[in-house]
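Student: In our numbering, the protein residues as written are 12 to 304. The beta-carbon is built from N, C-alpha and C at its ideal position, and this holds for glycine as well. My questions will all concern the structure given below.
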Ligand code: 13P
Ligand code: ZN
């Protein structure tokens with residue numbers, strides 16, 4: 012790491028105590044607790060990034076460039092001067108839930124997009140470092156900005172039910188896994204009409220998994236990582252959790268049916284078509300989206 016925050020910093024409010032971000036921290040704590048309670052975050056499993064650039068004015072952003080400078084292995088030009096909250100590598104979701112401030116970090120992407128500044132002013136005195144899946148988070152966040160998408164949140168979790176599904180050879184293609192998930196419950200096609208992307212097993216934390224995942228997000232809001240977990244994009248952490256919850260429910264229904272020794276029937280083509288063409292009027296995704304974090 013190069014650079015030094017030293018005492019170069021003009022007077023600033025501690026970023027972790029910025030009052031506009033309070034609701035974001037409340038949401039982080041709540042969703043981290045859900046992930047732990049569901050068993051989708053054993054040990055340090057799971058991570059998230061939230062684009063919080065909108066909470067800072069130009070002067071505040073300028074000041075963030077005084078913080079320690081960490082080169083990135085790849086350049087993200089569209090992320091220049093953006094601010095992210097990231098879960099810390101090695102941190103436990105149950106600890107994030109109890110004390111989000113101590114277990115997340117803020118980064119500010121440099122003007123060229125080839126480095127980040129780590130805002131190391133954690134009032135608890137312990138600075139978390141970005142998740143090891145940083146390359147994937149940054150690649151997806153950049154893709155969202157390039158597409159002018161509303162989504163600000165990327166969430167990765169080890170959703171047990173979905174990992175189990177990707178252990179079964181017949182479901183290791185995008186077509187097969189989507190047809191199963193859509194067939195198990197009407198909510199799946201209602202809320203995830205584009206289904207999921209499927210990424211064959213790839214080593215976690217690498218540029219390679221980032222690249223593969225990026226392709227998956229071209230047409231989907233959720234991507235399954237074979238034998239590892241899944242990643243989703245959403246407007247808020249709560250909605251990101253919902254995406255995974257809906258899929259976990261569908262997978263659970265499948266396994267429950269199989270446990271009786273019988274094959275589930277699944278919704279048929281016509282039933283699925285009917286839902287796609289006539290979604291209930293009050294389905295939240297068809298309402299004006301909520302852009303608040
Ligand atoms: P981190 O603790 O580095 O976020 O890693 C957790 C994980 O799930 C990696 O895929
Ligand atoms: Zn993981």
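Quick check on the DSSP output: the beta strand (DSSP E) that includes residue 82 runs from which residue to which?
Tutor: Note, residue 82: beta strand (DSSP E), 80-82.
Student: Would residue 40 pass as a contact of residue 108 if the rule is Cβ separation under 7 Å?
Tutor: The answer is yes: Cβ separation under 7 Å.
Student: Suppose you measure from the CA of residue 37 to the CA of residue 44; what does that come to, to the nearest Å?
Tutor: Those two C-alpha atoms are separated by around 11 Å.
Student: Using only the heavy atoms of the ligand 13P, determine whether one of them is closer than 6 Å to the beta carbon of residue 175.
Tutor: Flag unset: Cβ of residue 175 not near the ligand 13P.
Student: Taking its Cβ as the centre, do 16 or more other Cβ atoms sit within 10 Å of residue 220, making it buried, or is it exposed?
Tutor: Classification of residue 220: buried, given that the 10 Å Cβ count is 16 or more.
Student: Hey, is residue 240 close to the ligand ZN, as in C-beta under 6 Å from one of its heavy atoms?
Tutor: Under cutoff, so the answer is yes.
Student: Taking all protein chains shown into account, do 16 or more other C-beta atoms lie within 10 angstroms of the C-beta of residue 280, making it buried, or fewer, making it exposed?
Tutor: Residue 280 should be labelled exposed.
Student: Only counting the same chain, and skipping five residues up and downstream in sequence, which positions put a Cβ closer than 7 Å to that of residue 103?
Tutor: Once the five neighbours on either side are set aside, the close Cβ partners of residue 103 are 54, 55.
Student: Could you check what DSSP says for residue 36 in three-state terms: helix, strand or coil?
Tutor: Here residue 36 sits in helix by DSSP.
Student: For the alpha helix (DSSP H) containing residue 108, name the first residue and the last one.
Tutor: Counting along the chain, the alpha helix (DSSP H) containing residue 108 begins and ends at 104-109.
Student: Hey, residue 173 and residue 259 are a contact pair by Cβ (cut 8 Å); roughly how many whole angstroms apart?
Tutor: That belief holds up - the Cβ atoms of residue 173 and residue 259 are roughly 6 Å apart, short of 8 Å.
Student: Report buried or exposed for residue 273, applying the criterion of at least 16 other Cβ atoms within 10 angstroms of its Cβ.
Tutor: Under this definition residue 273 is an exposed residue.
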